[in-house]
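2 protein chains.
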Amino acid sequence: MGDCCLSHNTVTVDICLTSNYNEHMETRDIVSLISKIREKVNRHIVSEMAKQGMEEIGTSHGDILYALFKTPRLTMADISRRINKDKSTVTALVDKLVRLGYLTKERDQEDARVVYVALTPKGSELEPIFESISREMLDRFYANVTDEERELLFGALTKIYNNF
Amino acid sequence: MGDCCLSHNTVTVDICLTSNYNEHMETRDIVSLISKIREKVNRHIVSEMAKQGMEEIGTSHGDILYALFKTPRLTMADISRRINKDKSTVTALVDKLVRLGYLTKERDQEDARVVYVALTPKGSELEPIFESISREMLDRFYANVTDEERELLFGALTKIYNNF
DNA sequence: GAATAATGGTTTGACGTCAAACTATTTGGC
DNA sequence: GCCAAATAGTTTGACGTCAAACCATTATTC
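Going down the list, the sequences are from chains A and B. Residue numbers for the first sequence follow the numbering used here, beginning at 1 and rising by one. Residue numbers for the second sequence follow the numbering used here, beginning at 1001 and rising by one.
So this is what it looks like as structure tokens:
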């Protein structure tokens, strides 16, 4: 009783549709835990980015920049696939990064439909900052988590991911 | 190489700031796995709700209804706390549910600042539907996951949650 | 080779979300 | 008792997000 979502191994199974339910500061079920961890991680990253001077961008912009650190020229569709966001969303996100001077857009010469996105020098300068933020975040994330736990976590989460 | 975020136990630590990075259909790190699971679960729930006639509402509305199934009268601030959303967000969400006929709002007589939210009969009718959707979702979620994994998952995720 | 389909991006409209400013009540200190 | 601080909700403005409609260009098909 008082649980969110699932009373393990008991008769009663409480209802919790979505992933954000919170009962007196306890986090009783995995679904909502997942949701809340994601939220905390995102907030943490945004605040770290703001500290480093990236006040105006959010995690999705970060995903795009990160993708371009790894692959310096991507089409809009590429980005959409990589960051798991609708193409119209990507249009908005990339346009903002262009406006801020981090990216450039350029139409392909062979196929006039496709647009290539690339980093500007100002955009490239962000890479080390991203790296340090990422490292700090991962250190914090995995603090107190043993390698065994990490492996099991990854395995179990992969299973769950594939259940949907 | 080609990893997102973390190459376990190796020298290179790839960068992945946010939680939605996707590399050729693989899900290589826990942070992005978490984010994607959350997304899939949410989509699944919304689509199940739509199937059951709840076309117009999303998971956050579901959280509010769920909270009211458990506690039939809540203030706006209660709801905000329970579903982890800003109070202004709650105003919008509750107003929509009122507009759809699922909830009522009523000012407290003793303290004219507070507003009580409660289910209408039409709202109460949703409870069994929610219960079945929730059960189905949890069955799917935990399919192939052993009790041990579940426990370890919960423990590890709790640790991670508390790291932020 | 012209009509049709497919593809890549953008636009538009709706919505959830937050933060900040605001309103209206209550509570506390003096 | 009155003024200041606290509290409960709402409003407003900005933004990320998606889906659907749309526009351009390239591929197909006959």
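Ideal placement from N, C-alpha and C gives every residue a C-beta, glycine not left out. Bear in mind the structure is a predicted one, so any value in this text is a computation, not a measurement.
- For T1075 of chain B, which option in B:G1101, B:D1108, B:G1053 has the closest C-alpha, if you only look at C-alpha atoms? B:D1108
- Message: Taking DSSP's pairing of strands, which residues face L1074 of chain B in a bridge?
- Response: B:V1117
- Task: Use the C-beta contact count for D63 of chain A: other C-beta atoms within 10 angstroms, 16 or more gives buried, fewer gives exposed.
- Result: buried
- Check whether the Cβ atoms of Y66 of chain A and F130 of chain A sit closer than 8 Å, and answer yes or no. yes
- What's the C-alpha gap between G101 of chain A and K122 of chain A? 7 Å
- Query: DSSP state of T158 of chain A, grouped into three classes?
  - Reply: helix
- Task: Decide if A1156 of chain B is buried, meaning its Cβ has at least 16 other Cβ atoms within 10 Å, or exposed.
- Result: buried
- Item | For N1162 of chain B and N144 of chain A, the rounded distance between their alpha carbons | 10 Å
- Counting pairs of Cβ atoms below 8 Å between the region 110-117 of chain A and the region 146-156 of chain A, do you hit three or more? no
- Would you call the region 1031-1050 of chain B and the region 1086-1096 of chain B in contact, with 3 or more CB pairs under 8 Å? no
- Message: Can you give me the C-alpha to C-alpha distance between K70 of chain A and I34 of chain A, rounded to a whole angstrom?
- Response: 27 Å
- Query: Any residues in the region 1123-1146 of chain B with a beta carbon nearer than 8 Å to a beta carbon of chain A? Which ones, in chain order?
  - Reply: E1127, F1130, E1131, I1133, S1134, R1135, M1137, L1138, R1140, F1141, Y1142, A1143, N1144, V1145
- Query: Which residues in the same chain have their Cβ closer than 6 Å to the Cβ of R1082 of chain B, if we skip the five residues on either side of it in sequence?
  - Reply: A1067
- Identify the contact partners of A156 of chain A in chain B, using a Cβ-Cβ distance below 7 Å as the criterion. V1145, E1149, L1153
- Message: Here's a check: name, in chain order, each residue in its chain whose Cβ is nearer than 8 Å to the Cβ of P72 of chain A, leaving out the five neighbours to either side.
- Response: A118, L119
- Query: Can you name the residues of chain B whose CB is closer than 8 Å to the CB of Y161 of chain A?
  - Reply: T1027, L1033, K1036, I1037, K1040
- Query: Since K105 of chain A is in the alpha helix (DSSP H), which residue starts that stretch and which ends it?
  - Reply: Not the alpha helix (DSSP H): K105 of chain A falls in the beta strand (DSSP E), residues 103-107.
- Message: I need the straight-line Cα distance from A77 of chain A to T1104 of chain B, nearest angstrom please.
- Response: 45 Å
- State the start and end residues of the unbroken alpha helix (DSSP H) segment that holds E136 of chain A. 126-142
- Message: Taking the alpha carbon of T1146 of chain B as the reference point, which residue from A:F164, A:I160, A:E136, A:E56 has its own alpha carbon closest?
- Response: A:I160
- Task: Report the three-state DSSP secondary structure of F1164 of chain B (helix, strand or coil).
- Result: coil
- Task: Tell me whether E39 of chain A sits in a helix, a strand or coil according to DSSP, three-state version.
- Result: helix
- Query: With C-beta atoms as the reference, is K40 of chain A less than 8 Å away from F1164 of chain B?
  - Reply: yes
- Query: Apart from the five residues just before and just after I1133 of chain B, which ones in its own chain have a Cβ nearer than 6 Å to its Cβ?
  - Reply: E1048
- Item | Rounded straight-line distance, which links the Cα of L152 of chain A to that of E1149 of chain B | 7 Å
- Message: Beta-carbon within less than 8 Å of E1136 of chain B's beta-carbon, same chain only, minus the 5 sequence neighbours each way: which residues are those?
- Response: E1048
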